[in-house]
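Here's the structure, in C-alpha cells; my notes come after.
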Amino acid sequence: MEKQQRQQVEKNMQEAREKLEAEMEDAYHEHQANLLRQDLLRRQEELRRMEELHSQEMQKRKELQLRQEEERRRREEEMLRKREMEEQMRRQREENYRMGGFMDREREMRMNSGGAMGLGAGQKFPMGGLGFEGQQGMGSSPGNMMGNDMRNERFSQGGPRGMGPGNPGYGRVREEFDGPSKKPRF
Numbered sequence: 001m002e003k004q005q006r007q008q009v010e011k012n013m014q015e016a017r018e019k020l021e022a023e024m025e026d027a028y029h030e031h032q033a034n035l036l037r038q039d040l041l042r043r044q045e046e047l048r049r050m051e052e053l054h055s056q057e058m059q060k061r062k063e064l065q066l067r068q069e070e071e072r073r074r075r076e077e078e079m080l081r082k083r084e085m086e087e088q089m090r091r092q093r094e095e096n097y098r099m100g101g102f103m104d105r106e107r108e109m110r111m112n113s114g115g116a117m118g119l120g121a122g123q124k125f126p127m128g129g130l131g132f133e134g135q136q137g138m139g140s141s142p143g144n145m146m147g148n149d150m151r152n153e154r155f156s157q158g159g160p161r162g163m164g165p166g167n168p169g170y171g172r173v174r175e176e177f178d179g180p181s182k183k184p185r186f
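Structure (C-alpha cells):
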C-alpha cells in the first residue's frame, strides 16, 4: 500500500511537473510572441515615421523644384521683356534715324527749291544766296570758289606752285588786294 501511494505521489508529481513545464513553455512562447509583437509595432511606427519624413522631404523637393521653375520662368520672361524693350528701342532709333534723314533730305529739298522758286509767300529774301546750297557741290557759286582759293592760298606752304618772287602766291596776299593784311578786331 505504501508502495502504491508512493507511485501515486510520483505520478502526480510527474503530471504536475509536465503540466508546469507545459505552462512554462506556453508562457515562454507567449512572452516571445509579445516581444515579437512589440518589435513589430516598434518597426511599424519607425516605418510610419520614415514614410512621413520621406513624404515631407519629397514635398520640400517638389516645392523647391516649383520655386526654381518659377524663378527660371520669371528670369526668362524678364529676359524676353528686356530683349523686346531693346528691340523696340533699336527700332525706334532706326525709325528716328530714318525720319531724321528723311527730314534732313526734305529740308534740303525745300531750301534748294526755295532758291530756285524765288521769293515764297513768307520770304523777304531768296534762300539761294545764303550758302545753304553748298550741299550741291563745291564751287557752284563764285563766292564758294573764291573762298576755296583764299583758304588754299592762306594755308599753303608753297606746295605745287613753288616759292619765289615770280610766284603770285609768294607773298601769300593776292595782288589785287590793296587793304591791310589783317582785319581790325573790335
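Be aware that the sequence shown starts at 1, since it is given in the UniProt record's numbering, and climbs by one per residue. Even glycine gets a Cβ: it sits at the ideal position worked out from N, Cα and C.
Leu-80 versus Gly-100 - alpha carbon distance
The count along the sequence shown starts at 1 and reaches residue 80 at position 80. The count along the sequence shown starts at 1 and reaches residue 100 at position 100. Computed Cα separation, rounded: 29 angstroms.
Would DSSP call Met-1 helix, strand or coil?
Mapped onto the sequence shown, residue 1 falls at position 1. Note: Met-1 maps to coil in three-state DSSP.
Tell me which same chain residues have a C-beta within less than 6 angstroms of the C-beta of Glu-86, skipping the five on either side of it?
Residue numbering aside, residue 86 sits at position 86 when the sequence shown is read from its first letter. Once the five neighbours on either side are set aside, Glu-86 has no close Cβ partner at all.
Taking just the CA atoms, how far does Gln-44 sit from Arg-13?
Position 13 of the sequence shown, counted from the start, is the residue given in the question as residue 13. Position 44 of the sequence shown, counted from the start, is the residue given in the question as residue 44. This sequence places Met at residue 13; Arg is not what is there. Cα to Cα, the separation comes out at about 45 angstroms.
Express the C-alpha separation of Gln-68 and residue 190 in angstroms, rounding to a whole number.
No answer is possible for residue 190: it lies beyond the span of the chain, which begins at 1 and ends at 186.
At the level of alpha carbons, what is the spacing between Leu-41 and His-31?
Here residue 41 refers to the residue found at position 41 of the sequence shown. Here residue 31 refers to the residue found at position 31 of the sequence shown. For Leu-41 and His-31, the distance between alpha carbons rounds to 15 angstroms.
Would you report the Cα separation of Ala-33 and Glu-15, rounded to the nearest angstrom?
Here the question's residue 33 lines up with position 33 in the sequence shown. Here the question's residue 15 lines up with position 15 in the sequence shown. Roughly 26 angstroms separates the two Cα atoms.
Determine the direct distance from the alpha carbon of Tyr-97 to that of Gly-115, and round the result to whole angstroms.
Locating residue 115 in the sequence shown gives position 115, counting from the first residue. Locating residue 97 in the sequence shown gives position 97, counting from the first residue. With a pLDDT of 48 at Gly-115, under the threshold of 50, the modelled position of this residue cannot be trusted, and the question is left open.
Starting from the C-beta of Pro-142, find all residues in its chain whose C-beta is less than 8 angstroms away, skip the five residues before and the five after it, and write them out in chain order.
Against the sequence shown, residue 142 aligns to sequence position 142. Residue placement at Pro-142 cannot be trusted, given a pLDDT of 47 that sits under 50; what the coordinates show is reported in the next sentence. The answer is none, since no qualifying residue turns up.
In its own chain, which residues sit with a C-beta less than 8 angstroms from the C-beta of Arg-6, not counting the 5 before and 5 after it?
Within the sequence shown, numbered from 1, the residue matching residue 6 stands at position 6. Excluding sequence positions up to five before and after Arg-6, its CB lies less than 8 angstroms from no other CB in the same chain.
Measure the C-alpha to C-alpha separation of Arg-83 and Glu-95 and round it to an integer number of angstroms.
For the purposes of this step, residue 83 is identified with residue 83 of the sequence shown, where counting begins at 1. For the purposes of this step, residue 95 is identified with residue 95 of the sequence shown, where counting begins at 1. Their Cα atoms are separated by approximately 18 angstroms.
Leaving out the 5 sequence neighbours to the left and right, which residues in its chain are closer than 7 angstroms to Phe-125 when beta-carbon positions are compared?
The residue labelled residue 125 in the question sits at position 125 within the sequence shown. Only weak support exists for where Phe-125 lies, its pLDDT of 49 falling under 50; the coordinates are left without a value.
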